[in-house]
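Trainee:
2 protein chains.
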Amino acid sequence: MMNNVSIVGVGQAPVGEHWGIGLRQLGLQAMQAALSDAGIRDVDAVVVGNALAGVMSKQNHLGALMTDFAGMRGTEGVRVEAADASGGVALRQGMMLVASGAAKTVLVLGVEKATDILASARLSALSTFLDNEYEAAMGATPVGLMALLMRRYMLEYNVELSCFANFSVNAHLNGSSNANAMFRNKLRAEGFAKASLVADPINLFDVAPEADGAAAVILTSTERAADMVPQPVRILGSAVATDRLAVHDREDMLYLSAVGLAAERVYAQTGLKPKDIDLLELHDSATIMSTLALEASGFAPRGHGWKLASENKIGLAGELPISTFGGLKARGNPLGATGVYQAVEATLQLRGDAGANQVKDAKIAMLQNVAMLGGTATVHILGVD
Amino acid sequence: MMNNVSIVGVGQAPVGEHWGIGLRQLGLQAMQAALSDAGIRDVDAVVVGNALAGVMSKQNHLGALMTDFAGMRGTEGVRVEAADASGGVALRQGMMLVASGAAKTVLVLGVEKATDILASARLSALSTFLDNEYEAAMGATPVGLMALLMRRYMLEYNVELSCFANFSVNAHLNGSSNANAMFRNKLRAEGFAKASLVADPINLFDVAPEADGAAAVILTSTERAADMVPQPVRILGSAVATDRLAVHDREDMLYLSAVGLAAERVYAQTGLKPKDIDLLELHDSATIMSTLALEASGFAPRGHGWKLASENKIGLAGELPISTFGGLKARGNPLGATGVYQAVEATLQLRGDAGANQVKDAKIAMLQNVAMLGGTATVHILGVD
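If you read the protein sequences in the order shown, they are chains A and B.
For what it's worth, our numbering labels the leading residue of the first sequence as 1, then goes sequentially.
For what it's worth, our numbering labels the leading residue of the second sequence as 1001, then goes sequentially.
#1: Quick check: what's the CA-CA separation for Leu-1328 of chain B versus Gly-1071 of chain B?
#2: Give me whichever residues DSSP pairs with Ala-1203 of chain B in a beta bridge.
#3: Name, please, each residue of chain A whose Cβ falls closer than 7 angstroms to the Cβ of Ser-1057 of chain B.
#4: Give every residue of the same chain whose Cβ lies closer than 8 angstroms to the Cβ of Gly-144 of chain A, excluding the five residues on either side of it in the sequence, and list them in chain order.
#5: Output the residue ranges of the alpha helix (DSSP H) runs that lie fully inside the region 1016 to 1061 of chain B and measure 4 residues or longer, sorted by chain position.
#6: I need the straight-line Cα distance from Lys-186 of chain A to Asn-166 of chain A, nearest angstrom please.
#7: Would the region 1226 to 1238 of chain B count as touching the region 1017 to 1032 of chain B if we require 3 or more Cβ pairs under 8 angstroms?
#8: Does the ligand FAD have a heavy atom nearer than 7 angstroms to the CB of Ile-322 of chain A?
#9: Just to make sure I have the definition right: I need the residues of chain B whose C-beta is within less than 8 angstroms of the C-beta of Phe-129 of chain A. Which are they?
#10: At least one CB of chain A closer than 8 angstroms to the CB of Ser-1100 of chain B: is that the case?
#11: Going along chain B, which residues have a C-beta under 8 angstroms from Ala-114 of chain A?
#12: What residues of chain B sit near Glu-81 of chain A, judged by a beta carbon separation below 7 angstroms?
#13: In whole angstroms, what is the alpha-carbon distance linking Arg-250 of chain A and His-1061 of chain B?
#14: Kindly list the residues whose CB is nearer than 7 angstroms to the CB of Tyr-255 of chain A, restricted to its own chain and excluding five residues on each side of it in sequence; keep chain order.
#15: When you compare only the Cα positions, how much space is there between Val-43 of chain A and Ala-262 of chain A?
#16: Given Trp-1306 of chain B, which residues of its chain have a CB within under 7 angstroms of its CB, disregarding the five upstream and five downstream residues?
#17: Jot down the residue ranges of each uninterrupted beta strand (DSSP E) in the region 164 to 241 of chain A, minimum 3 residues, whole runs only, in chain order.
#18: Which residues share a DSSP beta bridge with Leu-280 of chain A?
#19: Mind listing the chain B neighbours of Gln-93 of chain A? Cutoff is C-beta to C-beta under 8 angstroms, in chain order.
#20: Using beta-carbon positions only, say whether Gly-326 of chain A and Asn-178 of chain A come within less than 8 angstroms of one another.
#21: For Leu-1308 of chain B and Val-46 of chain A, what's the separation of their Cα atoms in angstroms?
#22: Anything in chain A within Cβ reach of Ser-1290 of chain B, meaning under 9 angstroms, just list it in chain order.
#23: How big is the Cα-Cα spacing for Ser-36 of chain A and Val-10 of chain A?
#24: Helix, strand or coil for Asn-357 of chain A per DSSP?
#25: Under the rule that 16 or more other beta-carbon atoms within 10 Å means buried, what is Asp-360 of chain A, buried or exposed?
#26: Could one say the Cβ of Ala-38 of chain A lies closer than 8 angstroms to chain B's Cβ atoms, at least one of them?
#27: Within 8 angstroms of any Cβ in chain B, is that where the Cβ of Asp-42 of chain A sits?
#28: Flag Gly-1074 of chain B as yes if its beta-carbon sits less than 8 angstroms from any beta-carbon of chain A, otherwise no.
#29: Any idea if Gly-1139 of chain B is buried or exposed, counting beta-carbon neighbours within 10 angstroms, 16 or more meaning buried?
#30: Judging by CA-CA distance, which residue of A:Thr-105, A:Tyr-153, A:Ile-364 and A:Glu-345 is the nearest neighbour of Glu-76 of chain A?
#31: Excluding sequence positions up to five away, which residues of its chain have a Cβ less than 8 angstroms from the Cβ of Arg-73 of chain A?
#32: Quick one: what's got a C-beta closer than 6 angstroms to Ala-181 of chain A's C-beta in the same chain, skipping five residues either side?
#33: Leu-1261 of chain B lies in the alpha helix (DSSP H); which residues open and close that run?
#34: Residues of chain B with CB closer than 7 angstroms to the CB of Asp-227 of chain A, please, in chain order.
#35: List the residues of chain B that Arg-244 of chain A touches, going by C-beta distances under 7 angstroms, in chain order.
#36: Please look up how many angstroms separate the CB atoms of Met-366 of chain A and Ile-277 of chain A, rounded, as I've assumed it's under 8 angstroms.
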């Protein structure tokens, strides 16, 4: 049964620039923390979400690498990739192994080492997530394309750059009390306005930083979960959808149809609506992506997504808390690990273990993990009774 | 239910050096052929097995790319990677989507463009499937490590290179009547003996060539399959196992424990034994890998795997037909697509559609898709009543 899978353990490594340790050591930190949290020592299968280790660390074949390094020799292991939605997709593939009965317990690991490489080589690696023949080969880059979307949005709906500032201000505020966040400094709207440009109109405080990180969750059947831990968190809905990969091929560039489709499917699976969501871990790789995702998934009408930020409804005590541990912007964006960090953070919220970042009475959380310009989107809803 | 998934369509592109077309066009050929074979126009999800497109074609994010290019916009799509076992792992992940009820129909695509790159760059890319820090960075290459295993095997069991020749002779004989094979020339034992060395004792006719190729299968529930096509093929068993990634870390270098474990699990799932298998598509990336896999999966005692070849029991009319369409050696090894080619070929055998390559009365087929030195192994058993 699709809605019969629960999370019984979570673990994470701090997000940042980990020049001192390798991919496998970083991944192991998260695996061990999650196993320890679940009170178990091994699992039937490991699903690894990773985007770029083949280029960044000259290491593919991470299913075997991570099961080996964790001392789980023989255990089923596989890597899945969908750009920076790899973590969300890994979560879903792990669910399937439990839901089908193929595995009793599954560890879903997201791991990425993205900083230990020349910036130019990293940019070239990130561009492999675009349509190479029609975007990357022409010189388009992920943030360059996001800038085009943002410029178009600002023109279409007559909004200023400052309207988006509070997405970043909120993320940094939440990140400031997250010990695992890459950036713990607070940010003010004035600082946002003065930041140097990355790709006009996107500036340095608008876009999320690529980072190193690893996060893990342990999945098992809901039935078994109740016997394992005091507060399991159930996965109520799960969907993955795709869009046309190249932005210029889309009918409507300002509608993230993969996010829309995945959200629709999850609403249909659960019977829940946007107003039922207590917190949203969204894919705030840039403020324009947050805006468009909020609109596509029904939290705001077209052209109004930025108002959730500018009217400050997204804080921990707001109508719709987002990026509750700092999001991609302040916690950092460890690419293929990001979707698993979202699952870890939402689980902490729903268990009431979020400390200074706790959203009060959180029962239902949505996760949106979106690949680059929205070519792939994964949406999950987690819940506790 | 795990054993409630059937194959209702297969398609393949010819294996070879496809300098004239790109990754997406190659993949589409196989997708369209499989959809047409199943008599359907779309599916609920696409799982892509691919090993190296990020390096070879500067294109990751293949779930979105292939659903987009195939006109299946919005469809769930994901890429899985486990070196040259990516195809077998994709088959299993596709099964899970059906078995869990998340998808009614799934297209599993294996696709790889591996030749359109300098040989030195390809070798470096293939080495990312090894343990980078302890093997590849020291200069070890996949075929170099296979050569060490073969040398050790020859010493341990006192056998000559010529003992292995018939694996390649058989593969080329079967490939000669396969229109999709990369090599259709027949090979004689004398030719094998005279071939130039690649990595002593492995010679050019001992090791399988990397190739471009794409193959696809359509999966659905066994119940639905009966209404869709006259002769569905059921997936009776499925397993993935891993081994220590670095060969030097293994307790016994001449035992492929991932193959052994995956085979054990599949025998336990199905109640079948080696003697029940009518044909075996094994991962004959080099004759030593064939030998060791046959031993690990119970088809021969330790030290005797090569005898199945030298005593010529592996022909189409033999006790255990292997590589029935030429295997990796003659059909070619399109890395991440190889495991899906195996599923296509076994399906053709079990439907009685294998033409000149038909194994008489074939009812039960085993697929073994093994990553490089055996770090990951996937084993499937397919059957018809």
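Glycine included, every Cβ here is placed at the ideal spot set by N, Cα and C.
Mentor: The structure says:
#1: As a first step, residue 1328 of chain B is located in the second sequence; it is residue number 328 there, counting from the start. As a first step, residue 1071 of chain B is located in the second sequence; it is residue number 71 there, counting from the start. Going from the Cα of Leu-1328 of chain B to the Cα of Gly-1071 of chain B covers about 31 angstroms.
#2: Numbered from 1 along the second sequence, position 203 holds the residue referred to as residue 1203 of chain B. Here residue 1203 of chain B turns out to be Asn, not Ala, going by the sequence shown. Answer is B:Leu-1197.
#3: As a working mapping, residue 1057 of chain B is identified with position 57 in the second sequence. Per Cβ cutoff of 7 angstroms: Asn-132.
#4: Numbered from 1 along the first sequence, position 144 holds the residue referred to as residue 144 of chain A. These residues qualify, in order along the chain: Ala-199.
#5: 1023 to 1038 and 1053 to 1056
#6: Position 186 of the first sequence holds residue 186 of chain A. Position 166 of the first sequence holds residue 166 of chain A. Approximately 12 angstroms between the Cα atoms of the pair.
#7: no
#8: This structure lacks the ligand FAD; in fact it carries no ligand of any kind.
#9: Here the question's residue 129 of chain A lines up with position 129 in the first sequence. For Phe-129 of chain A, the residues of chain B that pass the 8 angstroms Cβ criterion are Asn-1060 and His-1061, in the order they occur in the chain.
#10: Taking the second sequence and counting its residues from 1, the one referred to as residue 1100 of chain B is at position 100. Judged by the 8 angstroms Cβ criterion, Ser-1100 of chain B is in contact with chain A.
#11: As a first step, residue 114 of chain A must be located in the first sequence, where it is residue number 114. Result: empty, since nearest Cβ-Cβ is about 14 angstroms, beyond 8 angstroms.
#12: In the first sequence, the residue the question calls residue 81 of chain A occupies position 81. Near Glu-81 of chain A (Cβ distances below 7 angstroms), the residues of chain B are Asn-1060, Arg-1079 and Glu-1081.
#13: Position 250 of the first sequence, counting from 1, holds the residue named residue 250 of chain A. Position 61 of the second sequence, counting from 1, holds the residue named residue 1061 of chain B. When rounded, the distance between both Cα atoms is 17 angstroms.
#14: Position 255 of the first sequence, counting from 1, holds the residue named residue 255 of chain A. The residues are Ala-296.
#15: Here residue 43 of chain A refers to the residue found at position 43 when the first sequence is read from its first residue. Here residue 262 of chain A refers to the residue found at position 262 when the first sequence is read from its first residue. Spanning the two alpha carbons is a distance of roughly 29 angstroms.
#16: The count along the second sequence starts at 1 and reaches residue 1306 of chain B at position 306. Taken in chain order, the residues that qualify are Val-1159, Cys-1163, Phe-1164 and Thr-1291.
#17: 197 to 199 and 213 to 221
#18: If you number the first sequence from 1, residue 280 of chain A lands on position 280. According to DSSP, residue pairing for Leu-280 of chain A in a beta bridge involves A:Ile-322 and A:Met-366.
#19: As a working mapping, residue 93 of chain A is identified with position 93 in the first sequence. Under the 8 angstroms cutoff, chain B gives Val-1078, Val-1080, Gln-1093 and Met-1096.
#20: For the purposes of this step, residue 326 of chain A is taken as the residue at position 326 of the first sequence. For the purposes of this step, residue 178 of chain A is taken as the residue at position 178 of the first sequence. Yes, the Cβ-Cβ distance between Gly-326 of chain A and Asn-178 of chain A is below 8 angstroms.
#21: The sequence position of residue 1308 of chain B within the second sequence is 308, counting from 1. The sequence position of residue 46 of chain A within the first sequence is 46, counting from 1. Between Leu-1308 of chain B and Val-46 of chain A, the C-alpha separation is close to 35 angstroms.
#22: One-based indexing of the second sequence puts residue 1290 of chain B at position 290. In chain order: nothing, as chain A lies at least about 20 angstroms away.
#23: For the purposes of this step, residue 36 of chain A is identified with residue 36 of the first sequence, where counting begins at 1. For the purposes of this step, residue 10 of chain A is identified with residue 10 of the first sequence, where counting begins at 1. Distance between the alpha carbons of Ser-36 of chain A and Val-10 of chain A is about 9 angstroms.
#24: Taking the first sequence and counting its residues from 1, one reaches residue 357 of chain A at position 357. Note: Asn-357 of chain A maps to helix in three-state DSSP.
#25: As a position in the first sequence, residue 360 of chain A is number 360, starting the count at 1. First, the residue type needs correcting, since residue 360 of chain A is Lys and not Asp in the sequence shown. Lys-360 of chain A is exposed by the Cβ-count criterion.
#26: Sequence index remark: in the first sequence, residue 38 of chain A carries index 38 (1-based). By this cut-off, Ala-38 of chain A is not an interface position.
#27: Position 42 of the first sequence, counted from the start, is the residue given in the question as residue 42 of chain A. With 8 angstroms as the cut-off, Asp-42 of chain A does not count as an interface residue toward chain B.
#28: Numbered from 1 along the second sequence, position 74 holds the residue referred to as residue 1074 of chain B. Yes, Gly-1074 of chain B counts as interfacial toward chain A.
#29: Stepping through the second sequence from its first residue, residue 1139 of chain B is reached at position 139. Per the 10 Å Cβ criterion, exposed.
#30: Translated into positions along the first sequence, residue 76 of chain A becomes position 76. The shortest C-alpha separation from Glu-76 of chain A is found at A:Thr-105.
#31: The sequence position of residue 73 of chain A within the first sequence is 73, counting from 1. Taken in chain order, the residues that qualify are Thr-67.
#32: Locating residue 181 of chain A in the first sequence gives position 181, counting from the first residue. Correct list, in chain order: Gly-175, Gly-326, Ala-330 and Arg-331.
#33: Within the second sequence, residue 1261 of chain B is the residue found at index 261, counting from 1. Note, Leu-1261 of chain B: alpha helix (DSSP H), 1257 to 1270.
#34: Along the first sequence, one-based indexing puts residue 227 of chain A at 227. What Asp-227 of chain A touches in chain B: nothing, since even the nearest Cβ is about 22 angstroms away.
#35: Along the first sequence, read from residue 1 onward, the residue named residue 244 of chain A stands at position 244. Near Arg-244 of chain A (Cβ distances below 7 angstroms), the residues of chain B are Asp-1068 and Arg-1073.
#36: Working through the first sequence from its first residue, we reach residue 366 of chain A at position 366. Working through the first sequence from its first residue, we reach residue 277 of chain A at position 277. Confirmed, about 5 angstroms.
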